[in-house]
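Counting in the numbering used here, the sequence shown runs from 1049 upward without gaps. Note that beta-carbon positions come from the ideal geometry of N, C-alpha and C, so glycine has one too. Take a look at the structure set out below.
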Amino acid sequence: AFSESEMALDFDKEKEKIREFIKNFYEPGEDGTKVFTYAEQLVSLAERTQAAIIINADDVHEYDPELVESLKANARRFHQLFQEVMDDLIREHLGDRDPPVIDALDSFIYQRLTMDRAHKNAEGAMGEVIDPRKKYPPQLLRRYEIMFKSRSVDKAMNVRDIKAAYVGKLVTVGGVVIRAAEVRPMASVMTYTCDTCGAEAYQPVNGPTFTPAVACPSKDCVESRANGRLHMQIRGSKLVKFQEIKIQEHSDQVPVGSIPRLLSINVYGEMTRTCAPGDSVRITGVLVPLLRQGFKQVAGGLVTEVYLESHFIENLSTREEDSLALCGELSDEEIERVSQDNFYDLLAYSIAPEIYGHTDVKKSLLLALVGGVDKNANGMKIRGALNILLMGDPGVAKSQLLSYVDRLAPRSQYTTGRGSSGVGLTAAVMKDQHTGEMTLEGGALVLADRGICCIDEFDKMVDADRTAIHEVMEQQTISIAKAGILTTLNARVSIIAAANPAYGRYNPHKSIEQNVDLPAALLSRFDVLWLMQDKADREADKRLAQHITFVHMKGHQPEIVGMQPMDMATVRRYIAMCKKKEPVVEEKLREKIVEMYVEIRRESRESSDSTFTSPRILLSVIRMATALARLRLSDRVNSADVDEAIRLMHGAKASLRPELRERQAKESPKDQVWGLLRQMREAAKKTKKGDIEWEHALQKVTAKGLSEEDLSKTVEHYKALNILMVDRHNRIAFV
């Protein structure tokens, strides 16, 4: 056991170490000079140009390894020691000068100190010299914050690993923010004025609650028994910003059969508003038991709750996005891979390479990860996020694709149809435990803002819950009118859903509407709708089985010549770079997109398939073309981007009509182009124009997902047969 004098002596030694660290710690500058990190910040704090100072444990360890261990073991006490040392150093720096006056509390403190100085001068040498620190609480005079940041080598702990042994110590916890309350003022020092003697009294507040003082403690009131009453003076009180957030451990840290643990975090001062629900954070703070008073303390018994008194919050979501997007130049190897001709195919192959086939589906998922560009035309918002629906037979790896996209996206949420409700997807109204007010807690779509939300088993959702996402899929917002709360939340999210057909497997004897069995209002909001069928084919089945057995035995996908998949970190980094671009569609491409839309509408009218064709298809093609331009890191959408977007759109629509796809598969591109030319000839006869303009023919061909090369080969073939000819004005004529 230590005596009080020994403990005081020990703390004096620690304070001397802290003083030396703040004054003498330096880092080498760019020009070789010494940069005294904390001494320079001390001057800024004294001159009120800086509000907070962050003590980095790495710097403390570099200066004195023993000091950092003592700091981590007794964080609250060392926080107080750092404050006392900083107060002394600021007073030494200012000397006889008064600190600068910035706000109303500064004016109050300046006025009181000036009056005390005037009283002391009036009383002369006979008067008792009173130290301001004894008359006024140190918290009132202290106009800065000190925060500790953990060492970079310290690994963030899981919420469930925090035990009673860590109470009072500096710990670092990692998790996902699931709730962030409003920032409110919290009392630090309350000032009162006596209505009888005019004296001022100060009440430091150290806990979550306090009882306002009533009786005047001044010498005049006590001796005269005047029973003066104290009145709160808000202008002279010190209030700090306070915010409560709740974090939940990451899903990969939850043991099997357990539910995720939560931890309350109290955030003060400059660290408030540094994170939002859905952000992945790394928080350094002191673990403190929650002090309960009154009936709650009796009811709680010997068990107490703990919370983390936050010092430093590192927002990993923002940091990762910024570091990915603002990273330095690409390495030579990455530049070489980016400059390959098949880079688009390589990126698509890098998405879940263990899954065999589904190349066009993977390309669509890649475009959803990159996204289009949001437009705001005179207040009318047009979304840039791509929504994709994967509908297919059981066992075609829909869930695996969704799971991979969830891991690949920097910000994502994964949920299932039966495991989520409409409220869980949008927002729930909760009661705040501190104020009792009704507050909103964001659901999966709000937490995935500016990211991806993967919904598996989409067809199993209850219709009432499924309608909750209609607004999100088009307007990208969630409107709430519950419990007196009227607001609109942002949900700028791409929805990737997977579903089974109505009969479990696709039934070719039923119509598309009967197989899909989803409302047209919902289907039209999906930009791309893929039908993934599992059809028996000896050669295809053999290749698939060989691929699956290889992956099962070797643990990786078979090697393909010229197609080495990129690792997840590189793909994520490249996608973040692509998102910085905002390409625009050139004027000359407008006619091609219009022609494509008119052609699709004509086909749907002729085949009586109006369910899947709405004007939203037009915007879907533009979004995909914009995403393709982003993949090229270009500022302009070119003709090839539009052609590829149209090809994917036709591929998705053809997948919904298996009989049409089989017929087209039997037809060569040459036969398809010849059929188009014959249709155009019949149309030209009606308008009494015999010839076909080459540009017009090219627009028709590309609108069908075919290329200019297919058109050229077809014309050359039929020219050799003396069926077609091309004149000097580049017009195609039938002989």
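According to DSSP, residues forming a beta bridge with residue i
i            : result
residue 1310 : 1296
residue 1242 : 1278
residue 1291 : 1315
residue 1018 : Examination of residue 1018 is not possible in this model, given that the chain is present from 1049 through 1783 alone.
residue 1084 : Answer is none; residue 1084 lacks a bridge partner.
residue 1578 : 1438
residue 1205 : 1221
residue 1193 : 1100
residue 1227 : 1294
residue 1251 : 1238
residue 1075 : 1083
residue 1358 : 1333
residue 1773 : 1781
residue 1684 : 1632
residue 1232 : 1290
residue 1262 : DSSP, once it has assigned bridges, lists no residue as partnering residue 1262.
residue 1741 : 1779
Residue i, buried or exposed, once every other Cβ within 10 Å from all chains shown has been counted against 16
i            : result
residue 1375 : Note on residue 1375: pLDDT 47, under 50, position unreliable in the model; the coordinate value appears next. Per the 10 Å Cβ criterion, exposed.
residue 1557 : exposed
residue 1420 : buried
residue 1555 : exposed
residue 1061 : exposed
residue 1058 : exposed
residue 1548 : buried
residue 1768 : exposed
residue 1586 : exposed
residue 1452 : buried
residue 1615 : exposed
residue 1173 : Low local confidence applies: a pLDDT of 49 at residue 1173 is under 50, so the model's placement there is unreliable, with the coordinate-based value given in what follows. It counts as exposed.
residue 1524 : buried
residue 1157 : buried
residue 1279 : exposed
residue 1532 : exposed
residue 1435 : buried
residue 1440 : buried
residue 1292 : buried
residue 1484 : exposed
residue 1081 : exposed
residue 1534 : exposed
residue 1658 : The pLDDT assigned to residue 1658 is 45, lower than 50, so where the model puts this residue is not dependable, and the model offers no usable value.
residue 1644 : buried
residue 1648 : buried
Pick from the options that is closest to residue i, judged by C-alpha positions
i            : options                   : result
residue 1488 : 1455, 1507 and 1526       : 1526
residue 1205 : 1356, 1183 and 1073       : 1356
residue 1190 : 1212, 1744, 1111 and 1138 : 1138
residue 1413 : 1140, 1449, 1394 and 1403 : 1449
residue 1142 : 1151, 1096 and 1129       : 1096
residue 1092 : 1235, 1134, 1313 and 1577 : 1134
residue 1559 : 1426, 1317, 1779 and 1704 : 1704
residue 1222 : 1507, 1311 and 1697       : 1311
residue 1688 : 1086, 1634 and 1140       : 1634
residue 1192 : 1289, 1747 and 1644       : 1289
residue 1395 : 1410, 1406 and 1403       : 1410
residue 1339 : 1354, 1569, 1510 and 1417 : 1354
residue 1432 : 1552, 1664, 1208 and 1304 : 1664
residue 1013 : 1084, 1090, 1129 and 1087 : Coverage of the chain is limited to positions 1049 through 1783, which leaves residue 1013 absent and any answer about it impossible.
residue 1854 : 1730, 1617 and 1521       : The structure shown does not extend to residue 1854, since the chain is modelled only from 1049 to 1783, so the question has no answer here.
residue 1580 : 1750, 1745, 1084 and 1407 : 1407
Sequence ranges, alpha helix (DSSP H) only - wholly within the segment 1491 to 1567, length at least 4: 1492 to 1495, 1511 to 1514, 1518 to 1523 and 1560 to 1564
Stretch-stretch touch, CB-based, cutoff 8 Å, three pairs: the segment 1538 to 1555 with the segment 1483 to 1499: yes
At least 3 beta-carbon pairs within less than 8 Å: the segment 1456 to 1464 vs the segment 1497 to 1513: yes
Contact the segment 1558 to 1565 vs the segment 1468 to 1475: 3+ CB pairs below 8 Å: no
Cβ contact check for the segment 1231 to 1242 and the segment 1271 to 1285: 3 or more pairs under 8 Å: yes
Contact the segment 1245 to 1253 vs the segment 1299 to 1314: 3+ CB pairs below 8 Å: no
contact_flag[the segment 1081 to 1101, the segment 1118 to 1126] where n(CB pairs < 8 Å) is 3 or more: no
Three CB pairs or more closer than 8 Å across the segment 1256 to 1267 and the segment 1191 to 1205: no
Runs of beta strand (DSSP E) wholly within the segment 1403 to 1489 (minimum 3 residues, chain order): 1423 to 1425, 1428 to 1430, 1436 to 1440, 1460 to 1464 and 1475 to 1479
Stretch pair the segment 1580 to 1594 + the segment 1475 to 1486: three plus CB contacts closer than 8 Å: no
Complete runs of the alpha helix (DSSP H) confined to the segment 1120 to 1167 [at least 4 residues]: 1123 to 1142
Cβ contact (3+ pairs, closer than 8 Å) linking the segment 1620 to 1629 and the segment 1666 to 1681: yes
Complete beta strand (DSSP E) runs within the segment 1583 to 1665 (minimum length 3 residues, chain order): none
Touch test, the segment 1106 to 1117 against the segment 1069 to 1076, Cβ-Cβ under 8 Å, three pairs minimum: yes
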